[in-house]
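Data block below; observations after.
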Amino acid sequence: MTITEIRVRKLIPEGKLKGIVSITIDDVLAIHDIKIVQGEERLFAAMPSRRDDSGMFRDIVHPINADIRKNMEDMILSAYKMEVDRQSVES
39 MTITEIRVRK LIPEGKLKGI VSITIDDVLA IHDIKIVQGE ERLFAAMPSR
89 RDDSGMFRDI VHPINADIRK NMEDMILSAY KMEVDRQSVE S
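Here it is as structure tokens:
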């Protein structure tokens, strides 16, 4: 599995939600609405989710193992940081 494209759809300067990202995997599968969130200790990528009947948020799509999750998150956060840097240079 290879992430073939990462698009930073939106940057949000205020609050804990910092951005919205879409990725394409192997040029055949798109995942939208990945959120970049500033946690208490670090920035992280939150997979798309929805609220279930009990009020809990459940991921709609997510990596199954920790190595893939870390690899995806590292690539997503790297693309996010590059976009933040690019926009700050343009300003």
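Per my numbering, the sequence shown starts with residue 39, numbered consecutively.
Note that beta-carbon positions come from the ideal geometry of N, C-alpha and C, so glycine has one too.
Given the structure is predicted, the values throughout are model-derived calculations rather than measurements.
Quiz item: With respect to the alpha helix (DSSP H) encompassing R107, which residues constitute its N-terminal and C-terminal limits?
Solution: Numbered from 1 along the sequence shown, position 69 holds the residue referred to as residue 107. Taken as a continuous stretch (DSSP letters only), the alpha helix (DSSP H) holding R107 covers A104 to E128.
Exercise. Grab me the residues of I44's own chain with a C-beta within less than 7 Å of its C-beta, minus the 5 sequence neighbours each way, in chain order.
Key: One-based indexing of the sequence shown puts residue 44 at position 6. Answer for I44: V59, I61, M113, I114 and A117, listed in chain order.
Practice problem: Would you verify that the beta carbon of I98 is, or is not, closer than 8 Å to some beta carbon of chain C? | Solution: No chain C appears in this structure, which consists of one protein chain only.
Quiz item: Using CA coordinates, which residue listed in D97, G77 and G93 is at the minimum distance from P86?
Solution: Against the sequence shown, residue 86 aligns to sequence position 48. When each option's Cα is compared against that of P86, the closest is D97.
Quiz item: Taking Cβ to Cβ, would you say K56 is nearer than 8 Å to I69?
Solution: One-based indexing of the sequence shown puts residue 56 at position 18. One-based indexing of the sequence shown puts residue 69 at position 31. Against a cut-off of 8 Å, the Cβ pair of I69 and K56 comes out as no contact.
Quiz item: Where does V66 land, buried or exposed, given buried means 16+ other C-beta within 10 angstroms?
Solution: By 1-based counting over the sequence shown, the position of residue 66 is 28. That one is exposed.
Quiz item: Rounded to a whole number of angstroms, what is the C-alpha to C-alpha distance between V127 and A104?
Solution: Here residue 127 corresponds to residue number 89 of the sequence shown, with the count starting at 1. Here residue 104 corresponds to residue number 66 of the sequence shown, with the count starting at 1. Taking the straight line from one Cα to the other gives about 34 Å.
Self-check item: Chain-order list of residues whose beta-carbon lies under 8 Å from that of R168 (same chain, five-residue window excluded)
Solution: The requested residue 168 is not part of the displayed model; the chain covers only 39 to 129.
Quiz item: Going along the chain, which residues of its own chain have a beta-carbon closer than 8 Å to the beta-carbon of I63, five neighbours each way excluded?
Solution: Here the question's residue 63 lines up with position 25 in the sequence shown. Closer than 8 Å at Cβ, skipping near neighbours: M39, T40, I41, T42 and I69.
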